[in-house]
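Per full-length UniProt numbering: the sequence shown = residues 1 to 135. Just so you know, even glycine gets a beta-carbon here, dropped at the ideal spot from N, CA and C. A short worksheet on the structure shown next.
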Amino acid sequence: MNSAFFKKNWYFFTPAVIVVVPALMMAYSTVNYGYPISESLNSVMHYGSTGTRYAMGFSERNFKMVRPGMDGRAVFNLLRVPMEGNSPGAEVTKWRYSLPASGVKYYHERSVVMAMDKNGIQRVKETISHFHPVN
Numbered sequence: 001m002n003s004a005f006f007k008k009n010w011y012f013f014t015p016a017v018i019v020v021v022p023a024l025m026m027a028y029s030t031v032n033y034g035y036p037i038s039e040s041l042n043s044v045m046h047y048g049s050t051g052t053r054y055a056m057g058f059s060e061r062n063f064k065m066v067r068p069g070m071d072g073r074a075v076f077n078l079l080r081v082p083m084e085g086n087s088p089g090a091e092v093t094k095w096r097y098s099l100p101a102s103g104v105k106y107y108h109e110r111s112v113v114m115a116m117d118k119n120g121i122q123r124v125k126e127t128i129s130h131f132h133p134v135n
């Protein structure tokens, strides 16, 4: 196409860009983080007011590899030390690998919930991957 056409009719493409850029951002958060459409929309709408601190050694790739039934040692080898965790003797333990940064309204929560099996070994019950407001 002729570049003169774009220079002369640039205003036709502005609405498309206004729609396409947020749609691409939503698609990215849906694919990369596994969020449902509602959380992806929420993350795009609050893009500037988010902040998340992650544990040292944490990666989204390794977090996606955690599956229900894995033991605590396997989770530790993948994700390393959590930022927060309940006492190890508890029946149900939640390891938090992300916390909100100070002064933000929204953050990306990454947690692993574990429960004792019949042999007394902590096993992954569920993983939590959500975008939501602080408290």
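Review point. With 16 as the cutoff for other CB atoms within 10 Å, does Y106 come out buried or exposed?
Key: buried
Point to revise | R73: first and last residue of the uninterrupted alpha helix (DSSP H) it sits in | key: 72-79
**Study point:** Proximal residues to A101 (C-beta, below 6 Å), its chain only, five neighbours per side dropped
**Key:** G51, R53
Check your understanding: S49 and V104 look like a contact to me (Cβ under 8 Å); what is the Cβ gap, rounded to whole Å?
Key -> About 6 Å; that satisfies the 8 Å criterion.
Review point. So does the segment 58-78 actually touch the segment 112-125, counting three or more Cβ pairs closer than 8 Å?
Key: Contact between the segment 58-78 and the segment 112-125 is present, with at least three C-beta pairs closer than 8 Å.
Exercise for review: Would you kindly work out how many angstroms separate the C-alpha atoms of Y97 and Y33, rounded to a whole number?
Suggested key: 14 Å
Exercise for review: Look at the alpha carbon of D117 and the alpha carbon of E109, and state the distance between them as a whole number of angstroms.
Suggested key: Distance between the alpha carbons of D117 and E109: 25 Å.
Check your understanding: Are there 16 or more other CB atoms within 10 angstroms of the CB of T93, so buried, or fewer, so exposed?
Key -> buried
Review point. Hey, quick one: how far does the beta strand (DSSP E) through E109 stretch, first residue to last?
Key: Residues 106-116.
Practice item. Apply the 10 Å Cβ neighbour rule to P82 and answer buried if 16 or more other Cβ atoms are within range, or exposed otherwise. Key: buried
Review point. Buried or exposed: S29, going by 16 or more other Cβ atoms within 10 Å of its Cβ?
Key: buried
Point to revise | Proximity winner among L79, V17, H132, A16, relative to S59 (alpha-carbon distances) | key: L79
Practice item. Would you tell me roughly how many angstroms separate the C-alpha atoms of I37 and V17, rounded to the nearest one? Key: 20 Å
Check your understanding: Does DSSP put V17 in a helix, in a strand, or in coil?
Key -> helix
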